[in-house]
Amino acid sequence: MSNTFKTIFFILLIINVGYSQNLEIDSGFETNRNYLKIEDFIIDKNIDSALYYVDIQKTINNSDYLNALVNVVNKRASYSEYYKVGTQIYNRNTTDLDSFKKFMGSVPTPNSNVIELDYVYLNWLYVSKLRNHNKIDDASKENERLENYVNNFDEKDENYSKSKLLIENHHIVLLLIEKQIIEGKQLCLESLKLAKELNDTTLQIIFLNHLCDFLIYERDLDGYIENIELSLSLESNSDTKSPYYFDTLKKLIDAYMYKGNYEIRVNELLEIMYSNPSSRLFSYSLYANFLRTLDTNSPLTKSIFKKFDIANSYIEFCKKIETLSKNKIDSNEYFFLIDQNSQLLEAKGYLKEAILYKTKAVNLTRKIYSEDLSNSLANYKTEQVVKEKELEINYQKEKTKLYGIIAILGLLLLSTSLLVIARIKKQSKVLKIKNLEIQKQRDALEIKEREKDLLLKEVHHRVKNNFQIVSSLLELQTKGIEDEKALELANEGKNRVKSMALIHQKLYQNENGLINFDDYIKLLVKELTSMYATEKNITTKVNSENMMFDVDTAIPLGLIINELITNSYKYAFNEGENNELNISINKDKDDYYKLIISDNGPGLNEKINLKKVKSLGLRLVNRLVKQLQGKLHQNNTNGAYFEVLFKDTNLRRQID
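Going by the working numbering, 1395 is the number at position 635 of the sequence shown; the sequence numbering is gapless.
Encoded structure:
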């Protein structure tokens, strides 16, 4: 499967509703910016500012969409107008889930005795938004709430049947996510048939798009193109475009580029996206992908350069679309554009610039993950501090109250012993209740501690997944590298990433937050053997029982082991029968640990100075040993022999 087809496949799985509805708005960008500002003020319930920009827009041009915005601001909009505005807000690339939730909170619940179909469509968008943000449970609850609303009406009503099909759409998407292809496709075909019987163009487009998702799983490219073209034909014959319109264009572009020899058709579809202000930003990455398939001297190549007002330079084109898109699309779309630039420049022979863009894409992925993780951890810590403070305040209040009660009891003791006894019994009951409450609070703290452990495991799981993504990116990059030295460096980088990924995999699999290095080394040896020594007979001995380390020690130690084993596999072993590799980790004197890796190969050149070596791998080993506050020794006794004395995290902290 080619990279392009993988891209199509990945996008189809994630995106269930397209980019933007083509409303009756002026094509000028000034008009579009005014509409965006009005929509933002509607979300924030800033009525005065919204009306201010309404007045500005009226001096430029009036439209049905502007009237819909005014009615939404003044809370006298019809559900058709709410749906029209909601669709625009939904499909804006900068709209997050919370913003769309705020807008939905301003939509009143219908109280008529007939189904408000536009209200159903609007809530269908909300279900899709929740689902696309991985809020599957919330999406299912909203879909059930919508179904309860529809069930209150007459089944003979045509809008009842249309509403039921929209509700069934959620079930079809869940079947697609669960990869129940046969059942999902059958249900999709049945829904498409009902949509045709109802003569509802929008519903037909919805189910045609989902049918194409199932055809991708079946690798039926011709059927996929046929149905996407049918969907686009339905769009073209409709006065208003469905929410799938630009997504349909994008799917068709990807499909034709994958199939090949459809350059004219691809260019026509790209021109449609480029011409519309709502989708122009999304066309840039597609143009980059298209240029990658075109010959440098092609008239289409020259026309694209002319469209973007640049000379015949692929590098300038990449810079131009990067500048046009920066801070205007979300991080994931920006990553996709940068990655497409890298692939374009690589295909055209600009390898240095391609690598720079690929590095930028990897750094962007890391930044997105780091920001999300930092925000999650910061929010979690803040919540914990607030709860601890609340417990402390409550405890102080209870203690103060208890002291007051004791003082009152002491005064009453002077007047009557019977009253004192009665009060003591009463306060005993109060204390018992308070103790139960305190116990409940302690139990709650224990639950939170367990949740914290689960969060840490999830963090390690996500780190492992991100390392795997980076490893996959490096794997893809190596496919285009012909230089053996560059390929070797790329593979070594990929192995280092895998060694760190194994660390985090072990962390989220273990309950105690420590890594069993006996298991880790055996897994690492297995990975490296598959790459460097598949045809060599090597006897490997591992002695590292009961060696457990935390993540701060495990990552540098794992990288050291990876580099030294790789060195043996590359330079020590031949095709013979007597290749030996020995690995051991044991506790040494003075709380040090000793790592020994040796082989029976020819050994290192005795003239090599380990502290001044130019090899990247051995330089990395030297730095990692320093990070562990350790010492590195090497000799050529019966082959290469490496000995590393190092300290665990606890001992390093004591010295610091």
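Glycine is no exception: its CB is placed at the ideal position from the N, C-alpha and C atoms.
Looking only at DSSP bridge pairs, what is residue i linked to?
i: V1404; result: L1355, L1392
i: M1308; result: N1276
Could you tell me the boundaries of the beta strand (DSSP E) in which residue i lies?
i: I1345; result: 1339-1347
i: I820; result: Run containing I820: none in the beta strand (DSSP E); it sits in the alpha helix (DSSP H), 807-820.
i: N1092; result: Element bounds for N1092: not the beta strand (DSSP E) but the alpha helix (DSSP H), 1091-1107.
i: I1315; result: Counting along the chain, I1315 falls outside any beta strand (DSSP E), though it belongs to the alpha helix (DSSP H) covering 1311-1331.
i: T1299; result: 1298-1303
Assuming residue i contacts residue j (C-beta within less than 8 Å), just tell me the rounded distance between them.
i: Y1117; j: I1098; result: 6 Å
i: L1046; j: I1089; result: 13 Å between Cβ atoms; not a contact.
i: L925; j: L963; result: 6 Å
i: A1314; j: I1275; result: 5 Å
i: Q1394; j: L1370; result: 6 Å
i: L1104; j: R1040; result: About 19 Å; that fails the 8 Å criterion.
i: A899; j: L890; result: 4 Å
i: T1125; j: F1095; result: 6 Å
i: N903; j: V887; result: 5 Å
Under three-state DSSP, which class holds residue i?
i: N883; result: helix
i: F967; result: helix
i: K889; result: helix
i: K1088; result: coil
i: L1370; result: coil
i: K1001; result: coil
i: E1335; result: coil
i: E876; result: coil
i: D973; result: helix
i: A1071; result: coil
i: R836; result: coil
i: T1176; result: coil
i: Y1110; result: coil
i: N776; result: Confidence at N776 is low in this model, with a pLDDT of 35, below 50, so its placement is unreliable and no value can be given for it.
i: D1243; result: coil
i: E915; result: coil
i: T869; result: coil
i: G1399; result: coil
i: E799; result: helix
i: E902; result: helix
i: D1014; result: helix
i: T1119; result: helix
i: D1203; result: helix
i: E1295; result: coil
By the DSSP assignment, the alpha helix (DSSP H) with residue i in it spans what residues?
i: N987; result: 981-996
i: N894; result: Run containing N894: none; DSSP gives neither H nor E here.
i: K844; result: 839-851
i: F863; result: 857-865
i: R921; result: The question names Arg, yet the displayed sequence has Ser at residue 921. 918-937 is the extent of the alpha helix (DSSP H) around S921.
i: I1364; result: For clarity, residue 1364 is Leu in the given sequence; the question names Ile instead. From DSSP, L1364 is part of no alpha helix (DSSP H); its letter is neither H nor E.
i: L951; result: Per the sequence presented here, residue 951 reads as Ser, with Leu not at that position. Element bounds for S951: 941-957.
i: R1379; result: 1376-1387
i: T1083; result: 1074-1085
i: N831; result: 824-833
Under 7 Å from any heavy atom of the ligand PLP, does the C-beta of residue i make it?
i: S1358; result: You won't find the ligand PLP in this model; it holds no ligand whatsoever.
Between residue i and chain D, is the shortest Cβ-Cβ distance under 8 Å, so that the two count as touching?
i: K1062; result: Absence of chain D from the displayed structure is noted, only one protein chain being present.
message = List, from N- to C-terminal side, the alpha helix (DSSP H) runs of 4 residues or more that fit wholly inside the stretch 1019-1066.
response = Within the stretch 1019-1066, the complete alpha helix (DSSP H) runs of at least 4 residues are 1023-1035, 1040-1053.
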